[in-house]
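Contents: one structure, followed by commentary.
In the numbering used here, the protein residues as written are 22 to 219.
Written as structure tokens, this is what we have:
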């Protein structure tokens, strides 16, 4: 969750890569009008990029702009100002609704560090998410952190940043994720236990 924690280029949210599917949840305001992301890429790589908003009445007319800055400081503006009827997207895992403003695949012609800067031309408060990459990849740590992640995503999609869900939901989600981890790694656990007994 980026929220308002990356308002300056020096504090840019660092991505480990752009191929693995990931979402960055950002919040901008008059006090923090920008949100920065940085990543390394090679010439010939493609940046799969999607821009969305939580489906909230307060964001009905919110249309942020994303600026892509290349290693040589060339800037490409990706605006959503002309999007009148965004696509509604329901995410069943987190049970959240969003508006998808656009999807783009951008060829990258330089090698080095790139930046993505989210802002609003009207300099107003708003929440947005950026999805990057297409490849799905999950590890044990992802599964263990899943209950907290789900709760954070629900909070992001709630009006006025209210925490949604209850502690019971968080506990149940944690137990489900723990069960999944045990199922996935049960053979390794049995082998380790067998060696120790033997």
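The C-beta atom is built at its ideal place from N, Cα and C for all residues, glycine as well.
### Message
Are the CB atoms of residue 101 and residue 86 within a distance shorter than 8 Å?
### Response
yes
#### Entry: Segment contact flag, the region 106 to 119 with the region 57 to 67, C-beta cutoff 8 Å, min 3 pairs
no
### Query
Just the Cα atoms here: how many angstroms apart are residue 174 and residue 93?
34 Å
### Query
Measuring CA to CA, which of 63, 30 and 84 is closest to residue 150?
84
### Query
Does the Cβ-Cβ distance between residue 138 and residue 88 come in under 8 Å?
yes
#### Entry: Straight-line Cα distance separating residue 136 from residue 55
12 Å
### Task
Return the residue from the list 121, 34 and 105 that minimises the CA-CA distance to residue 112.
121
### Task
Compute every distance between the C-beta of residue 171 and the non-hydrogen atoms of the ligand SAM, then say whether any falls below 7 Å.
Although the ligand SAM was asked about, the structure shown includes no ligands whatsoever.
#### Entry: Nearest to residue 75 (by Cα), restricted to the options 103, 66 and 44
44
#### Entry: Sub-8 Å separation of residue 64 and residue 131 beta-carbons
yes
#### Entry: Close-in-space but distant-in-sequence residues of the same chain around residue 35 (CB under 6 Å, 5 per side omitted)
59
### Message
What does the alpha-carbon distance come out to for the pair residue 48 and residue 79?
### Response
13 Å
### Message
Cutting at 6 Å between CB atoms, please list the residues of its own chain near residue 108, excluding the five before and the five after it.
### Response
121
### Query
To which residues of the same chain is residue 123 closer than 7 Å at the C-beta, ignoring the five residues directly before and after it?
72, 101 and 104
### Message
Using a 10 Å radius around the Cβ and a threshold of 16 neighbouring Cβ atoms, would you call residue 172 buried or exposed?
### Response
buried
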